[in-house]
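Those protein sequence lines, which keep their order, are chains A and B. Start counting the first sequence at 1; every next residue gets the next number (this note's numbering). Start counting the second sequence at 292; every next residue gets the next number (this note's numbering). Glycine is no exception: its CB is placed at the ideal position from the N, C-alpha and C atoms.
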Amino acid sequence: MDLVLQLLFTGIGIGSVYALVALGFVLIFRATNVVNFAQGEFSMVAAFLMVVFSVKIGLPYWVAFVIALICMAGLGAVFNLAVYYPLRHRTYLPVIISTIGASIFMANTTLAIHGPEPEVLSGWFDTPGFMLGPVYLDNQYVLIIVVTALLVALQYWFFEHTLLGKKLQATSQDKEMASLLGIPVALMIMITFVYSAVIGGIAGILVAPVLFVSIGMGATIALKAFAATIIGGFGDVTGAIIGGLALGVIETFGAAYISVPYKDGFAFLVLIAFLIFRPQGIFGERVAEKA
Amino acid sequence: MSTTETTATTGDIRPRLRWGVPAYVVLVLVAMALAIAVPKTGYILNISLQATTYAIAVLGLTIVLGLCGQINLAQAAFFGLGAYAVGIGQTEYGLNFWACLLIGTSMAAGFGALLGASTLRLGGHYLAMVTISFQQIVTLVLINWIPVTKGPDGVRAIPRPGFLADGSTYLAFCIAALAGLAFLVWRLRDTRLGRAMRAVRDNELAAGVAGIDVYRTKVTAFALSAILGGIGGGLFAGGFAYVSPDQFSFAESVVFLTMVLLGGVASPIGAVIGTGLLILIPEWLRFLKSIPGLYLAIYGAAVILIVLFMPDGIWGYLRGQLDRFKRAVLPSRTGATLHLSGGGEGTDTVMEVRGLSKHFGGLKAVDEVDLTIRRGGVHALIGPNGSGKTTTLNVLSGLYRATAGTIELNGQDVTDLPPHARTKAGLGRTFQNIRLWRSMTALENVMVGAERPGSPIGNDPAALLARARAALAFVDLEDRADEVVANFSYGHQRAVEIARALAGDPVLLLLDEPGAGLNSSEKVELRNLLKRISARGLTILIIDHDMTLVSEVAQHITVLNFGRRIADGYSADVLKHPDVIAAYLGTAPDVPA
Numbered sequence: 001m002d003l004v005l006q007l008l009f010t011g012i013g014i015g016s017v018y019a020l021v022a023l024g025f026v027l028i029f030r031a032t033n034v035v036n037f038a039q040g041e042f043s044m045v046a047a048f049l050m051v052v053f054s055v056k057i058g059l060p061y062w063v064a065f066v067i068a069l070i071c072m073a074g075l076g077a078v079f080n081l082a083v084y085y086p087l088r089h090r091t092y093l094p095v096i097i098s099t100i101g102a103s104i105f106m107a108n109t110t111l112a113i114h115g116p117e118p119e120v121l122s123g124w125f126d127t128p129g130f131m132l133g134p135v136y137l138d139n140q141y142v143l144i145i146v147v148t149a150l151l152v153a154l155q156y157w158f159f160e161h162t163l164l165g166k167k168l169q170a171t172s173q174d175k176e177m178a179s180l181l182g183i184p185v186a187l188m189i190m191i192t193f194v195y196s197a198v199i200g201g202i203a204g205i206l207v208a209p210v211l212f213v214s215i216g217m218g219a220t221i222a223l224k225a226f227a228a229t230i231i232g233g234f235g236d237v238t239g240a241i242i243g244g245l246a247l248g249v250i251e252t253f254g255a256a257y258i259s260v261p262y263k264d265g266f267a268f269l270v271l272i273a274f275l276i277f278r279p280q281g282i283f284g285e286r287v288a289e290k291a
Numbered sequence: 292m293s294t295t296e297t298t299a300t301t302g303d304i305r306p307r308l309r310w311g312v313p314a315y316v317v318l319v320l321v322a323m324a325l326a327i328a329v330p331k332t333g334y335i336l337n338i339s340l341q342a343t344t345y346a347i348a349v350l351g352l353t354i355v356l357g358l359c360g361q362i363n364l365a366q367a368a369f370f371g372l373g374a375y376a377v378g379i380g381q382t383e384y385g386l387n388f389w390a391c392l393l394i395g396t397s398m399a400a401g402f403g404a405l406l407g408a409s410t411l412r413l414g415g416h417y418l419a420m421v422t423i424s425f426q427q428i429v430t431l432v433l434i435n436w437i438p439v440t441k442g443p444d445g446v447r448a449i450p451r452p453g454f455l456a457d458g459s460t461y462l463a464f465c466i467a468a469l470a471g472l473a474f475l476v477w478r479l480r481d482t483r484l485g486r487a488m489r490a491v492r493d494n495e496l497a498a499g500v501a502g503i504d505v506y507r508t509k510v511t512a513f514a515l516s517a518i519l520g521g522i523g524g525g526l527f528a529g530g531f532a533y534v535s536p537d538q539f540s541f542a543e544s545v546v547f548l549t550m551v552l553l554g555g556v557a558s559p560i561g562a563v564i565g566t567g568l569l570i571l572i573p574e575w576l577r578f579l580k581s582i583p584g585l586y587l588a589i590y591g592a593a594v595i596l597i598v599l600f601m602p603d604g605i606w607g608y609l610r611g612q613l614d615r616f617k618r619a620v621l622p623s624r625t626g627a628t629l630h631l632s633g634g635g636e637g638t639d640t641v642m643e644v645r646g647l648s649k650h651f652g653g654l655k656a657v658d659e660v661d662l663t664i665r666r667g668g669v670h671a672l673i674g675p676n677g678s679g680k681t682t683t684l685n686v687l688s689g690l691y692r693a694t695a696g697t698i699e700l701n702g703q704d705v706t707d708l709p710p711h712a713r714t715k716a717g718l719g720r721t722f723q724n725i726r727l728w729r730s731m732t733a734l735e736n737v738m739v740g741a742e743r744p745g746s747p748i749g750n751d752p753a754a755l756l757a758r759a760r761a762a763l764a765f766v767d768l769e770d771r772a773d774e775v776v777a778n779f780s781y782g783h784q785r786a787v788e789i790a791r792a793l794a795g796d797p798v799l800l801l802l803d804e805p806g807a808g809l810n811s812s813e814k815v816e817l818r819n820l821l822k823r824i825s826a827r828g829l830t831i832l833i834i835d836h837d838m839t840l841v842s843e844v845a846q847h848i849t850v851l852n853f854g855r856r857i858a859d860g861y862s863a864d865v866l867k868h869p870d871v872i873a874a875y876l877g878t879a880p881d882v883p884a
């Protein structure tokens, strides 16, 4: 029983990271109707920036954190201008291919600059963790869960209770109508990319002390986050969060009870099972194209 | 217009050069002879083998991405399945090379079909992610299932068949295989399946309504792509005698994708050009490989740049330049007349709709509508904006599933059938916002219509082609048969769409606001066209706002308002009905003036 609780805690912790990245997927998907296949690389790049600022240059953790996120905001903007915006009037296929190209580019440019050795990034806390009853709570996992919960709450408040949030929602639902109402659609899409890059970055920095900081971390996280969005129901914010948590838990239990080398395979098996038996996910609705 | 101008007598859609195929055969034989005769280093041989076997796998992407518009990011995994089958099968189980090649190809086909079948009902994003996932799983298995795959060490000393043991002979054999497969892929484009794939790529909804089983077409394309991946991989393993997991990783899938994009997705020539360049260029720029990552970073950037600036690839660009010098082909006319059977003799009723409802959540877009369409007439469905006309048509053609009620077409219950099956049962339709396959010619568009499953014309290609030409002639567009429809005027596009539906010789033709957006002279042409169709015995159900058009062509009118039927009967009576006048013009105020 203790082991189950322990695994549950770890699963929710790692699932929170998937949920954060999934949130980035969903936001961009809702604003542009395309999936950004480079979403995971935002996390990877942010983790490396954090290594540079915090470990190599030696800035205090929080300063490094803020600078890394500012860089991520810039990266999101450049990404939008170079990878998405010129293709906005084309079908989804060229955009997908272009974001895949961007993903390869970001991962391998990082590899070329930094080299293949993984880096270790310590967390915010000096102490590793504490016992709560029979369960050992790793401080970094606690931080991940708390920050994810805060970000989700903040995002909810932002979309439901601010004018900018409403404008972003309007843009994601009907771009033409939004632009007729005087909403600067191009700017709204820009904000979406910047925001997605930043939360992707936060996810990467949070998870860095748990995983190694490596070139491949982005692809792994992105695939799982995408699986999470499908499990939750594509395009649905709540679904992305629930799906992310569920996937983290499934994966942790799978690794503990079934097989460690195939740990990364469970997410994909669950994904394929969902696609076959419940493609609309837990919360999704089937949407028909209008004739 | 006299019938003596007849020139189009062949069964081909594209006029083909008489010497094209023999020239191709000679070219391939020369290449094979060179492969055997020219002395070369092991390095050159390896590069040539790699390029040839990779090109076969890239041809798979020409089919799935180029023809069918679906993405496959696991081509390296299928390539790997073929390669490992040839490797393990021969070294561990002592099987024959050809048997292993067959097993590997079948495994790739099986996994391809399974993967496609589980994903292709959904949007393209799912396919992209699922293929990446599959790619990762295959890599994980290759590395970790050590008893079978030998893990990261890979499989060594893979033999070739006896008579191909010499490297140069084997290369010649691979060239022959590539040439043969490229020829098949090239011919695929203008087969029924190839046209169906292109229709699915250009407009899925219209493809379904034209009678194409969209899902099956996509799964077929995906499985064919996997098969080519498997063949390429099998030959690769024979060529290199050694396989290991990192040769079949996600990065290689991206390389395959880059190759097809660079060369051009539309043609097998593009696949060969792209593969050749991307094998050779990195060899010339070997110094790039000294810095890990740089080489793939350039690939990634290249993908973005190609998509942005050269969406048709190198061959697509060259084609565009070459087409300028092409002499204009004289329009050919067959002058054939279009025969419309209207479903033949049957009961008086073509379509019987009972209690049809379509609810979207709480909104009753269509509410218990009855509709009887008599054979041989023009029946109009009218009503103010938002009255549920187009929703009704979408439920009738199967794009929406009915919430309640039954639809019978020619005595057959079609209520639960998907769009393509209703088309097979005899339905033809056009769309309010024209849905043609824009990259295809007018004739190709109409050919797909003529190929409607269940059509009385049958399967003979020559008869279908004649039928398609006759349908174009019927709407006065046969002269422009070989032009791409994207360049047509709005009115002409509408006419092609009607011709596409007519070519299938349907039992009932549904027209969704055919008059929308036409100018007054085009409207006159449309009215005449509808009268000519009706005169040949085909039943029409038309939706339109233009009361002049409706009252001139329709014998029967059904009026909807707020999803309910408010009037039904002969045109003259219905148009005088007080409820109809009220729905269109509002009621007179109750208060005395």
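What does a CB cutoff of less than 8 Å around residue i pick up in its chain, not counting 5 residues either side in sequence?
| i | result |
| --- | --- |
| W389 (chain B) | P452 |
| I145 (chain A) | I12, G13, S16 |
| G302 (chain B) | The pLDDT assigned to G302 (chain B) is 44, lower than 50, so where the model puts this residue is not dependable, and the model offers no usable value. |
Taking C-alpha atoms, which residue in the options lies nearest to residue i?
| i | options | result |
| --- | --- | --- |
| P747 (chain B) | B:L793, B:T706, B:R720 | B:L793 |
| Y691 (chain B) | B:S648, B:K867, B:Q427, B:G677 | B:S648 |
| G233 (chain A) | A:L206, A:L271, A:A203 | A:L271 |
| L93 (chain A) | B:L406, B:M420, B:N685 | B:M420 |
Looking only at its own chain, which residues have a Cβ that is under 7 Å from the Cβ of residue i, when we skip the five neighbours before and after it?
| i | result |
| --- | --- |
| T382 (chain B) | V446, A448, I449 |
| A346 (chain B) | L469, A562, V563, T566 |
| A342 (chain B) | T566, G567, I570 |
| N632 (chain B) | Checking the sequence, you will find Ser at residue 632 (chain B) rather than Asn. Excluding positions up to five away in sequence, the list reads P747, D796. |
| T192 (chain A) | L27, I28, A31, L168 |
| F130 (chain A) | L137 |
With a threshold of 6 Å on Cβ separation, who are the neighbours of residue i within its own chain once the five nearest residues in sequence on each side are excluded?
| i | result |
| --- | --- |
| G11 (chain A) | G248, V249, T252 |
| I833 (chain B) | A671, L802 |
| F212 (chain A) | P118 |
| D614 (chain B) | none |
Rounded to the nearest angstrom, what separates residue i and residue j at their Cα positions?
| i | j | result |
| --- | --- | --- |
| T549 (chain B) | N852 (chain B) | 54 Å |
| F464 (chain B) | R492 (chain B) | 34 Å |
| V432 (chain B) | M398 (chain B) | 15 Å |
| P118 (chain A) | G204 (chain A) | 14 Å |
| L393 (chain B) | A588 (chain B) | 36 Å |
| I437 (chain B) | G165 (chain A) | 52 Å |
| Y257 (chain A) | L269 (chain A) | 16 Å |
| G378 (chain B) | I335 (chain B) | 23 Å |
| H240 (chain B) | I789 (chain B) | Here chain B comprises residues numbered 292 to 884, so residue 240 (chain B) is not present and cannot be evaluated. |
| R278 (chain A) | T410 (chain B) | 11 Å |
| P209 (chain A) | L121 (chain A) | 5 Å |
| E735 (chain B) | R726 (chain B) | 14 Å |
| L143 (chain A) | G123 (chain A) | 9 Å |
| A322 (chain B) | F65 (chain A) | 60 Å |
Are there 16 or more other CB atoms within 10 angstroms of the CB of residue i, so buried, or fewer, so exposed?
| i | result |
| --- | --- |
| I572 (chain B) | exposed |
| K580 (chain B) | exposed |
| M36 (chain A) | In the sequence as displayed, the identity of residue 36 (chain A) is Asn instead of Met. So N36 (chain A) counts as buried. |
| L654 (chain B) | exposed |
| Y276 (chain B) | Nothing can be reported for residue 276 (chain B), as the shown portion of chain B is limited to 292 through 884. |
| A368 (chain B) | buried |
| M738 (chain B) | buried |
So is the beta-carbon of residue i under 7 Å away from any non-hydrogen atom of the ligand PLP?
| i | result |
| --- | --- |
| S214 (chain A) | By its list of ligands, the structure shown contains no ligand whatsoever, and the ligand PLP lies outside what it can speak to. |
The stretch 8 to 27 of chain A in contact with the stretch 211 to 222 of chain A per 3-pair CB rule at 8 Å:
yes
Would the stretch 482 to 502 of chain B count as touching the stretch 354 to 371 of chain B if we require 3 or more Cβ pairs under 8 Å?
yes
Can at least three beta-carbon pairs, one atom from the stretch 637 to 647 of chain B and one from the stretch 696 to 707 of chain B, be found at a separation below 8 Å?
yes
Contact between the stretch 530 to 544 of chain B and the stretch 774 to 782 of chain B (3+ Cβ pairs under 8 Å)
no
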